[in-house]
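In our numbering, the protein residues as written are 101 to 380. Ideal Cβ positions, reconstructed from N, Cα and C, are used throughout, including at glycine.
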Amino acid sequence: MILTGANVAVSKALAAALPIPLILGLRCLIACAVLLPLALWRDGTPRPGRRILGNLLLQAIAGTVLYNVALLSGLRLTTALEGGLVLATMPAVVAVGSAWWLSERLPLRGWAAVALAMGGMAAIVLARGGEGEGGSLLGNGLVFLGVCGEAAYVLLAKRAAGALPLLTASLWMQLFSAALLLPAWLPQAGAMASLADPFLLALLVFHGLTASVISLLLWYGGLRRAPAGIAGLFSAFLPATAAACAILFLGEAPSVTHALGFGLLLASMLLATWPSRTAR
């Protein structure tokens, strides 16, 4: 979650210097180059069926293409601080999606988490008010669209959980993503000349490795050793790290309304992910 939060600031820096399709295409290629030998070493060569491949294709569309295009486009318009806070609505959006799409019962505290998340989003809207340096309602809206894409990815992954080993499933997702993005980023390959800047190249490699490989492996590795509810509490580190990086490295200034929004969103995440008594 710390790496994911840091990537909000990294994504904003990359989006200011490179075309968005190029960032995503190179990120997928970096991930494939790392995941292919790992998947062959750990998983062998399992053969997924058509239904599983279709589900992985949908996950690539929602979790890689829609999420990242919307996030990077939004971060060009809004601040990394507010983008990170909008991402904190993820547990509430997933909870609503589970109730609507997977027909899972949403308890009272789940609806309370949704209400708090809406309050946190309202605080961000008030903080922005259509004004202020480096931010906009449109940018925040695009980041929230990315949240919806990532939530769809989570629900699709939940529907097909265990059908393929993690590394193999991740590899297929990145391959599908690279193929989907190829027509968009290949014509912009000339912009790769900007990667002659070692700092920009290091940011891209960090982004590709952490966002598509390391964060995923750490998260699911942790889930094997901790209950899902407890692990969910650590999602609070995402907006906190995004805010810290935005303030420390990008020079963004928080406001009292931002602090109120963060408090509401933190409470929403705690309500949405705190383990129930029956799960202990």
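6 Å Cβ shell around Val313 - same chain, five flanking residues per side excluded: Ala131 and Val134
Taking the alpha-carbon of Leu309 as reference, which of Gly183, Gln274 and Leu156 has the nearest alpha-carbon? Gln274
Assigned secondary structure, Pro146 (DSSP; H/G/I helix, E/B strand, else coil): coil
Spatial neighbours of Val193 in its chain, beta-carbon cut-off 7 Å, leaving aside the 5 residues before and after: Val247, Cys248 and Ala251
Per-residue burial, Tyr167 [other beta carbons within 10 Å of its own, 16 or more giving buried]: buried
Beta-carbon proximity list for Leu118, same chain, < 7 Å, skipping 5 on both sides: Ala291 and Ser294
For Thr145, count neighbouring Cβ atoms within 10 angstroms of its own Cβ and tell me buried if that reaches 16, exposed if not. exposed
Pick from Leu129, Ala180, Leu136 and Ile120 that is closest to Ala344, judged by C-alpha positions: Ala180
Give, in chain order, every unbroken run of the alpha helix (DSSP H) that is at least 4 residues long and sits entirely within the stretch 162–192. 167–175 and 180–187
Cβ contact check for the stretch 300–307 and the stretch 101–115: 3 or more pairs under 8 Å: yes
Please identify the residue among Trp201, Leu140 and Leu185 whose C-alpha is closest to the C-alpha of Met220. A small correction: the amino acid at residue 220 is Gly; Met does not occupy that position in the sequence shown. Checked all of Trp201, Leu140 and Leu185; the closest Cα to Gly220 is Leu185.
What would DSSP say about Met221, mapped onto helix, strand or coil? helix
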